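Novice: Counting from 1 along the sequence shown, just add 1 to a position and that's the residue number in this note's numbering.
Note that beta-carbon positions come from the ideal geometry of N, C-alpha and C, so glycine has one too.
Predicted model, so just to flag it, every value in this text is computed and none were measured.
What follows is a single structure, and I will ask about it in a moment.
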Amino acid sequence: MNQYLMGIDNGGSEIKCAILGLDGKASVVVGRRLPISVSAPGYTERDTLQVWEANADAIREAIEKAGISES
């Protein structure tokens, strides 16, 4: 059974999901951009449902692109 590591970065401008081998080398990196709302000077907001869905989509795509089976 192959083993992998997954990293998720919910950054300010983009959400990224990376699949890495145990050697630390990235095999797949997938990103999603999300709109940011500026509610007041110095404040930004993002819709939490959009963040959640973008994370789930990025994870699914990264697993698929890495060729990892569910079993």
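#1: In whole angstroms, what is the alpha-carbon distance linking E62 and V31?
#2: How big is the Cα-Cα spacing for C18 and G43?
#3: So for N3, helix, strand or coil by DSSP?
#4: In terms of residue numbering, what span does the alpha helix (DSSP H) encompassing I60 cover?
#5: So, using beta-carbon positions, are A67 and I20 closer together than 8 angstroms?
Specialist: In brief:
#1: 7 angstroms
#2: 27 angstroms
#3: coil
#4: 49-67
#5: yes
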